[in-house]
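Here the protein sequences come in this chain order: R and H.
The working numbering applies: residue 54 is where the first sequence begins, and numbers increase by one.
The working numbering applies: residue 80 is where the second sequence begins, and numbers increase by one.
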Amino acid sequence: MPQIRRFLLSWNEEFSQILLGLTIFVLAILLDRASPFFMTWENWRNILDQSALLVIISVGMTFVICTSGIDLSVGAITALSGVCMALALHSGLSVEASILLGLAAGAAAGLFNGLLISQLNISPFIVTLAAMSVTRGIALILTKGIPIYGFSKSFTWWGSGHVGPVNPPILMALMLALLGALVLNRTKLGYYTLALGGNEEALRRSGIANKAYKTIVYTISGLTAAIGGLVVTARLNTAEPLAGWMLELDAIAAVVLGGTDMKGGRGSITGTVMACLLLGMLRNGLTILNIPSYYQQLTIGLIILVAIVISELRLRNAPGHGNMMKED
Amino acid sequence: MTTKPNGSVIRISHLSKSYGNISALRDVSLDIYPGEILAIVGDNGAGKSTLIKILSGAVKPDSGYIKVGENSYQYLSPTKAIRLGISAVYQDLALVDCRDVVSNIFLGREIVKVGLLIDRGKMEKEARRVLDSLQVSIPSLKTPVGLLSGGQRQGLAVARAIIQGGNVIIFDEPTAALGVQESAKVIRLMQELARAGMAVVVISHNLHHVFEIAERICVLRHGEIAAVCSTRESQPSHIVELIMGAPQITRDVNFSGVQSDAAN
């Protein structure tokens with residue numbers, strides 16, 4: 054079936070983005086028809102606010118998946134860094150110092166993942182699966198399983214304050230996405246991130262500190278997860294040891310849906326952001342339409358499955374993963 | 080054995096390397112000169128790849144040292160080798176197939192502006208210049224490298240070695256995967272590099288090519304240097320004998336076995 058193969062080969066990031074854009078557009082029209090409330094600014098601010106956390110986490114996840122890795126620990130890191138911020142705040146530390154401490158905890162968890170993966174050459178899946186459990190465990194131990202709540206206004210501002218028509222999480226998500234796109238497309242770190250997913254040995258032989266770059270990528274993922282922790286904790290005015298539960302799956306889904314190859318080497322922050330928006334709209338729409346949350350889970354799962362099947366079919370025909378194009 | 084009094088860019092002294100019980104290299108000493116093409120030949124497992132991997136920093140030797148310019152090193156890392164001016168074009172080419180031509184040519188040598196952002200325009204211009212000078216025709220620099228032909232890929236790997244800016248360039252079986260025309264191109268390219276004053280080291284199974292381009296031939300056998308010969312003063316049959324280790328074996332290779340089978 055050469056036509057199908059040619060079609061899949063021409064399926065690049067741009068095409069994924071056009072398709073995502075169209076889907077978002079069509080979905081918006083459908084939801085607008087279904088509910089007059091959908092197209093109000095109030096509702097859109099709600100969608101953006103709900104998507105902000107996922108965007109923040111998914112920027113880091115895009116980097117990880119571009120290296121052909123995976124980070125299953127981001128949800129747990131979100132919880133741990135929130136807990137660290139809460140404990141620091143309640144111990145009397147300033148808001149700034151507490152936030153920095155929480156971010157440092159997330160970055161440290163990511164660094165730890167990165168070192169194990171790059172230095173000991175262990176599969177990212179295994180390392181971050183263990184890290185997920187360990188990190189969540191530490192968050193539970195530190196809080197004894199009880200949520201910590203009640204922070205100053207200057208802290209909760211980070212989750213529910215106002216900056217013009219939007220709130221800080223939306224702004225942070227936007228800034229992180231822009232920064233992430235710039236780094237991925239225009240810096241050495243981004244170039245090496247993508248090359249790591251293609252041929253790590255080629256980097257090593259070109260004199261690039263491949264292991265250091267890989268470690269940096271997981272540290273970035275830990276840091277973005279910690280920024281997510283700030284958003285969740287400040288928004289809810291509560292540090293919940295079970296915060297960010299299954300968030301890793303949503304982030305992975307957003308990244309894949311956005312056109313980033315699960316096998317690395319190719320990826321786009323723009324696509325990731327669009328996918329986050331699509332997932333946010335879908336959740337919002339299904340809620341507006343009063344569809345039970347079980348069906349939401351099912352719908353989103355099915356969409357992710359379709360995205361992964363397309364990605365997989367395309368990869369089988371794409372160059373760069375040892376499966377070169379064969380003559381018809 | 081030919082010797083040159085001085086002026087070597089690299090002097091390899093008493094290098095040894097073993098993998099477990101198997102010794103891949105034993106007490107190998109060799110000089111590499113600028114403007115010269117040196118061929119390294121030998122049977123499979125003779126230690127050719129190990130030798131060039133040590134030179135390019137991919138493998139650490141157990142003992143011996145490598146003198147580059149005035150300094151001696153016990154081993155090189157890929158980073159150090161490139162910094163010292165030693166570039167390698169590996170047999171597998173070490174390309175990142177999913178990335179485009181420019182990213183591959185500049186892998187590890189990206190041009191940045193404001194100390195941070197990659198200067199794509201400048202890189203494309205420079206890549207085009209080097210590819211043109213090598214007469215490698217690649218229509219779009221944005222093509223993923225995995226979609227290029229064998230010759231284009233080889234040309235690209237050479238372009239990268241040139242961008243790395245060294246004065247020693249090592250080729251590992253550069254023509255093994257290529258057709259006749261593409262092989263001729265690569266051979267011409269190696270000659271031009273040597274003419275430009277670079278030291279060219281080439282590993283090849285193809286004695287025909289070796290005699291066409293090399294000035295000296297280093298024969299490895301069982302991890303040791305069997306001989307270093309001047310191409311002008313040796314015959315291919317002599318080199319084959321050195322590679323195989325015994326003259327009578329080369330006679331056996333002359334299909335005499337097949338004939339005796341037929342006689343039976």
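Using N, Cα and C, we set each Cβ at its ideal position, and we do this for glycine too.
| Asked | Found |
| --- | --- |
| Endpoints, alpha helix (DSSP H) assigned at R:Leu49 | It is not possible to answer for residue 49 of chain R, since the shown part of chain R is limited to 54 through 381. |
| Neighbour-count burial assignment, H:Pro315, 16 or more Cβ in a 10 Å radius | exposed |
| Outcome for H:Asp171 when other beta-carbon atoms lying within 10 angstroms are tallied against a minimum of 16 | exposed |
| Contacting positions in the region 251 to 268 of chain R - beta carbon closer than 8 Å to chain H | Gly251, Asn252, Glu254, Ala255, Leu256, Arg257, Arg258, Ser259, Gly260, Ile261 and Ala262 |
| Cβ pair R:Val136, R:Ala184 closer than 8 Å | no |
| Given R:Leu249 as reference, the closest of R:Gly260, R:Glu293, R:Pro294 and R:Gly317 once Cα atoms are compared | R:Gly317 |
| Beta-carbon proximity check, R:Leu276 vs R:Gly163, cutoff 8 Å | yes |
| Chain R contact for H:Cys308 (CB, 8 Å cutoff) | no |
| Interface flag, H:Thr158 vs chain R, CB-CB below 8 Å | yes |
| DSSP bridge partner residues for R:Val216 (one or two, in chain order) | R:Val219 |
| Same chain only: Cβ atoms within 6 Å of R:Asn252, ignoring 5 sequence neighbours per side | none |
| Residue span of the beta strand (DSSP E) that contains H:Gly143, given as start and end | Ser142 to Val147 |
| Residues that DSSP places opposite R:Val108 in a beta bridge | Paired residues: none, contrary to the question. |
| Assigned exposure category for R:Met138 - 16 Cβ within 10 Å defines buried | buried |
| Sub-8 Å separation of R:Gly311 and R:Ser104 beta-carbons | no |
| Distance CB(H:Val251)-CB(H:Ser166) smaller than 8 Å | The question names Val, but residue 251 of chain H is Asp in the sequence shown. Cβ distance not < 8 Å, so H:Asp251 and H:Ser166 don't count as in contact. |
| First through last residue of the alpha helix (DSSP H) which encompasses R:Cys392 | Examination of residue 392 of chain R is not possible in this model, given that chain R is present from 54 through 381 alone. |
| Nonlocal neighbours in the same chain, by C-beta distance under 6 Å from R:Leu235, ignoring five residues either side | none |
| Minimum Cβ-Cβ distance from R:Gly373 to chain H less than 8 Å | With a pLDDT of only 49 at R:Gly373, under 50, the local geometry of the prediction cannot be trusted, and no value is derived from it. |
| The region 163 to 172 of chain R touching the region 334 to 353 of chain R, judged by at least three CB pairs closer than 8 Å | no |
| The region 273 to 291 of chain H touching the region 225 to 232 of chain H, judged by at least three CB pairs closer than 8 Å | no |
| Cα-Cα separation, R:Phe116 to R:Ser259 | 21 Å |
| Given 8 Å, three or more beta-carbon pairs between the region 198 to 213 of chain R and the region 90 to 98 of chain R | no |
| H:Arg295 - DSSP class collapsed to helix/strand/coil | strand |
| R:Gly122 at chain H interface by Cβ criterion, 8 Å | no |
| Buried/exposed call for H:Thr82, threshold 16 Cβ in 10 Å | The predicted position of H:Thr82 is uncertain, since its pLDDT is 45 and thus under 50; a value taken from the coordinates is nonetheless stated next. That one is exposed. |
| Proximity test, Cβ basis, 8 Å: R:Leu229 and chain H | no |
| Nearest candidate by alpha-carbon position, reference H:Ser97, set H:Ser309, H:Ala238, H:Gly302 and H:Thr310 | H:Gly302 |
| Min CB distance H:Leu196 to chain R below 8 Å | yes |
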